[in-house]
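Participant:
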Amino acid sequence: MTTENGLLTIKDLKVKINDKEILKGVNLKIGPGEVHAIMGPNGTGKSTLAYALAGKASYEVTSGSVTMEGENVLDMSPDERARKGMFLAFQYPSEVPGVTVDNFLRVAYNTVKKKELSIWEFRNLLKEKMEFLKIDESFSGRYLNEGFSGGEKKRNEILQMAVLTPKLAILDETDSGLDIDALQIVAKGVNELLPEDSSVLVITHYQRILRYIKPDFVHVMINGKIVETGGGELAEKLEEQGYDWLKEKYGESGKDNNNVTANN
Amino acid sequence: MSLPTTDIGTEEYKYGFSDDVKPEIKFEKGLSRQTVEDISNIKNEPGWMTETRLKAYEIFLEKPMPEWGADLSDIDFDDIIYFVRASDRKMTNWDDVPAEIKETFEKLGIPESERKFLAGAEAQYDSESVYGALQGEWEKQGVIFVDTDTALREHEKLLRKYFGSVVPATDNKLAALNTAVWSGGSFLYIPKGVRVGLPLQAYFRINTQNMGQFERTMIIADEGSNVQYIEGCTAPTYTTNSLHSAVVEIICKKDSRVRYTTLQNWSGNVYNLVTKRAQAYENATMEWIDANLGSKVTMKYPSVYLMERGAKADVISIAFANTGQHQDVGSKVVHLAPYTTSKILSKSISKGKGRSTYRGLVKIHEGMEGCKSNVNCDALLLDEASATDTYPYIEIEDPTAAIEHEATVSKLSDEQIFYLQQRGVPEDEARNMIINGFIEPFTKLLPLEYAVEMNRLIELQMEGSVG
Ligand SMILES: Nc1ncnc2c1ncn2[C@@H]1O[C@H](COP(=O)(O)OP(=O)(O)OP(=O)(O)O)[C@@H](O)[C@H]1O
Ligand SMILES: [Mg+2]
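Protein chains in written order, with the numbering used here: chain A, 1 to 264; chain B, 1001 to 1467.
1. On the three-state DSSP scale, how would you describe residue 1077 of chain B?
2. Just jot down, in chain order, the residues whose CB lies closer than 7 Å to any heavy atom of ligand 2.
3. Applying the criterion that 16 or more other CB atoms from any shown protein chain within 10 Å of the CB defines a buried residue, is residue 1067 of chain B buried or exposed?
4. Using a Cβ-Cβ cut-off of 7 Å (strictly less than) and excluding sequence neighbours within five positions of residue 67 of chain A, which residues of its own chain qualify?
5. Mapping the DSSP letters down to three states, classify residue 160 of chain A as helix, strand or coil.
6. Bridge partners for residue 1395 of chain B per DSSP, in chain order?
7. Quick check: what's the CA-CA separation for residue 1423 of chain B versus residue 1354 of chain B?
8. Express the C-alpha separation of residue 124 of chain A and residue 1164 of chain B in angstroms, rounding to a whole number.
9. Which residues does DSSP pair with residue 144 of chain A in a beta bridge?
10. Which residues, taken in chain order from the region 80 to 108 of chain A, show a beta carbon closer than 9 Å to some beta carbon of chain B?
11. I'd like to know whether the C-beta of residue 1194 of chain B is nearer than 9 Å to at least one C-beta of chain A.
12. Interface residues of chain A around residue 1139 of chain B at Cβ under 7 Å?
13. Determine, using beta carbons only, whether residue 55 of chain A comes closer than 9 Å to chain B.
14. Would you mind sorting residue 1065 of chain B into buried or exposed? The rule is 16 or more other CB atoms within 10 Å of its CB.
15. Under 8 Å from any heavy atom of ligand 4, does the C-beta of residue 242 of chain A make it?
16. Give the DSSP-derived three-state secondary structure of residue 1436 of chain B in the structure shown.
17. Say yes only if the C-beta of residue 93 of chain A is nearer than 8 Å to one or more non-hydrogen atoms of ligand 1, and no if none qualify.
18. Of the residues B:1214, B:1402 and B:1046, which one's Cα is nearest the Cα of residue 1373 of chain B?
19. Does residue 1373 of chain B come out as helix, strand or coil in the three-state DSSP assignment?
20. Does residue 77 of chain A get closer than 9 Å to chain B when you measure Cβ to Cβ?
21. Please report the distance separating the alpha-carbon of residue 1251 of chain B from that of residue 1190 of chain B.
22. So what does DSSP say about residue 14 of chain A, is it helix, strand or coil?
23. Would you say the beta carbon of residue 1367 of chain B comes nearer than 8 Å to a heavy atom of ligand 1?
24. Provide the residue span of the alpha helix (DSSP H) that contains residue 232 of chain A, from first to last.
25. Pull up the CB-CB distance for residue 203 of chain A and residue 46 of chain A, whole angstroms please, since I reckon it's below 8 Å.
26. To the nearest angstrom, how far is it from the Cα of residue 1071 of chain B to the Cα of residue 1195 of chain B?
27. Could you give the residue range of the beta strand (DSSP E) that holds residue 64 of chain A?
28. With 16 other CB atoms within 10 Å as the buried threshold, where does residue 155 of chain A fall?
29. When DSSP builds the beta bridges, which residues end up paired with residue 1348 of chain B?
30. Per DSSP, which residues does residue 171 of chain A bridge with? Please list them.
31. Of all the CB atoms in chain E, is at least one closer than 9 Å to the CB of residue 1409 of chain B?
32. Please determine whether the Cβ atom of residue 297 of chain A lies at a distance below 8 Å from any heavy atom of ligand 1.
33. Taking a Cβ distance cut-off of 8 Å, strictly less, list which residues of the region 162 to 180 of chain A are near chain B, in chain order.
34. First and last residue of the alpha helix (DSSP H) that includes residue 1056 of chain B?
35. Report the start-end ranges of each alpha helix (DSSP H) in the region 1157 to 1234 of chain B that is 4 residues or longer and not cut off at the edges.
36. Whole angstroms are fine: how far does the CA of residue 44 of chain A sit from the CA of residue 161 of chain A?
Structure representation (structure tokens):
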């Protein structure tokens, strides 16, 4: 069921923050065009996985490997990873005063796509995506995330994704803070504005977004490890029953019997 | 990931070339009564100006060096050349400007902005202007835009009326020095009701080793007039200390509006000690827009005296202090009339071992009701070693005044850098973006080509700083 030539392959990834081990051996393989979801209780390391994949400096990888299309991701700077096609929609996007959305995105676009679109050419491209995502055009001249509401920030992350059209989009709780209409618009954006063979990794607490962005795989992370993998039905089960049955099965610590690894 | 930090201070200054223009008259180092007289004689000045200079020289000798600010103990007034003339001839059009000089401007990237704005540009080279052209249309409207030496010859009465009226020689030691040995600078008169569309521009450079540049600039905006003036400065590198000590005097008459923009990038050995002051009369608006990069020490506090009801002051400045530099800058606004308004926004960036100081004074005199003042100082520190301090003096003698004051100090945030990097922007570019964003409230007030130049200057300062 998984492709031999995965887009992203994570093997036994262990990550420390401030000398505390947060990821304790994550295994995950994502093929082109696949949608994966990661669920799990608060503080189990989902965002840590996202940041570690994106290359955040203070995250120390103590063992394991991450490859994207066969290349060692862990050797790359965050911007190299982005230019390779990795995109992270942040759970808490930063505010950057004085840097307008359109100027910033044009620089990012030209860098990632190795193009030199002029301000005018880029504006057209941006305008189209903004219309699709029902973002008011005044946002293009606003300073990046400054004074944006929680939901506006999330939608702005998806706008950036739509412009940069990454091979792998990691969405870290993009659904939280979005109203019901916005959630549908964002989901539609993910489904329709990314190329067919782009893959998506959705980190979420709620099954609702997975009704719109249909996952091929749902993983559960507990205490720094992926302990259970299934299809869309697993998300429904979690929504109904919570995590207690998994905690019982694998223990609070997530390390128990069956020697569980994710996906294959 | 981390590279060793190379500091721009140790690199060769990008604009640090000097060219082969031969000054035709060059004084020996040092200052005396005789030097002052010689300067005046060579220019064939009227007697009152010689007298003014000599009186100022006495004041210069009496006044102590300012000791309340940056360290000026290295300045040796005997080690400075006080007068140089690059060329005896006065250029009237661009074609006659010597090739070396053009080349110098080209290396500085000036011609691009010149092309569009050449009309009315007044470029000072060494102590006197070698090139000046004034767009015919403005001439017809009665606008006077010449170098100050020419103004003394051709508009003596007007100049005499205002010379030293805003910044008297007694103001401070360096104002006295400037009054004694001034040369060059721009003289600008805008008649009643005239609105000058394009900004008038001037470029200043120091070219002769050890030469102090003491330009004297005056702007007289008559009632209801409107003008923007821009000066951009860069200088070649020299091993010994250079002194730049200018005086700028501005009179904004009733209902007039003056915007004075300075963009400067002195090389690391220059002492930049400038007295800039404006008087704003009824309902007039004075805007100082001031960028300070480079130099060894800059002390500059553009000030506005709000003389009559409804006058407004708007001062927005940025400073970039790199290793070995101290930017001691700020603003002074004195509310001398009721219902006057002031707004000060100061942004500073300190890098390496650079230090930036905000020093400001807002004073509202007793009985001046309904005054408003808003002061904002934001400092950004780029390294652990960089430093900033703030001295925002506010003296309020009237209880009806509305005062707002806010000061922030921030560091370049790793979160922001990571966020931008995650979108594909390399680390050094991400830093530049954040820094240019920090000064955006300033850059957005500049004409586009200056805004571009400004961002480029910042990038030069940031080069090799990925660490
Ligand atoms: N800088 C840090 N210093 C110390 N601990 C940290 C740091 N960053 C994260 N952690 C810890 O790592 C653990 C995992 O955090 P992470 O943000 O990955 O959780 P999460 O699964 O995304 O949770 P949530 O669902 O609440 O977003 C938490 O216990 C958190 O407190
Ligand atoms: Mg999280």
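Note that the Cβ used here is the ideal one computed from N, Cα and C, for glycine as well. It should be emphasised that the depicted structure is a prediction, and the values quoted were computed from it without experimental measurement.
Facilitator: According to the structure data:
1. Residue state for residue 1077 of chain B is assigned as helix, using DSSP reduced to three classes.
2. Result (chain order): A:46, A:47, A:91, A:172, A:173 and A:203.
3. The residue is exposed, with fewer than 16 neighbouring Cβ atoms inside 10 Å.
4. Cβ within range, chain order: 9 and 73.
5. If DSSP states are grouped into helix, strand and coil, residue 160 of chain A belongs with the helices.
6. Residue 1395 of chain B pairs with B:1363.
7. About 31 Å.
8. Inter-residue distance for residue 1164 of chain B and residue 124 of chain A is about 55 Å (C-alpha atoms, whole angstroms).
9. Looking at the DSSP output, residue 144 of chain A shares a beta bridge with A:96.
10. For the region 80 to 108 of chain A, which is checked against every Cβ of chain B, the residues closer than 9 Å are 80, 81, 82, 83, 86, 87, 88, 90, 92, 93, 94, 95, 96, 97, 98, 99, 100, 103, 104, 105, 107 and 108.
11. Answer no: the Cβ-Cβ gap between residue 1194 of chain B and chain A never drops below 9 Å.
12. Within 7 Å Cβ-Cβ: nothing; residue 1139 of chain B doesn't reach chain A, min ~37 Å.
13. Yes, residue 55 of chain A counts as interfacial toward chain B.
14. Residue environment for residue 1065 of chain B: exposed (fewer than 16 other C-beta atoms within 10 angstroms of its C-beta).
15. Ligand 4 is absent from the structure shown, which contains only ligand 1 and ligand 2.
16. Residue state, collapsed to three classes: helix.
17. Checking the Cβ of residue 93 of chain A against ligand 1 gives no.
18. Comparing Cα positions, the closest option is B:1402.
19. Residue state, collapsed to three classes: strand.
20. Yes, residue 77 of chain A lies at the interface with chain B (some Cβ there is under 9 Å from its Cβ).
21. So the alpha carbons of these two residues sit roughly 11 Å apart.
22. When secondary structure is reduced to three states using DSSP, residue 14 of chain A falls in the strand class.
23. Every heavy atom of ligand 1 is 8 Å or more from the Cβ of residue 1367 of chain B, so no.
24. For residue 232 of chain A, the enclosing alpha helix (DSSP H) covers residues 232 to 241.
25. About 5 Å; that satisfies the 8 Å criterion.
26. In a straight line, the C-alpha of residue 1071 of chain B is about 42 Å away from that of residue 1195 of chain B.
27. Residues 59 to 68.
28. Classification for residue 155 of chain A: buried.
29. Residue 1348 of chain B is bridged to B:1319 and B:1379.
30. DSSP, once it has assigned bridges, lists A:89 and A:202 as partnering residue 171 of chain A.
31. Of the chains in the structure shown, none is chain E; the protein chains are A and B.
32. With chain A represented from 1 up to 264, any question about residue 297 of chain A goes unanswered, as that position is not in the structure.
33. Per Cβ criterion, the list reads 164.
34. Residues 1047 to 1062.
35. Those alpha helix (DSSP H) runs which fall completely within the region 1157 to 1234 of chain B and span 4+ residues are 1173 to 1181.
36. Rounded to whole angstroms, residue 161 of chain A and residue 44 of chain A show a C-alpha spacing of 26 Å.
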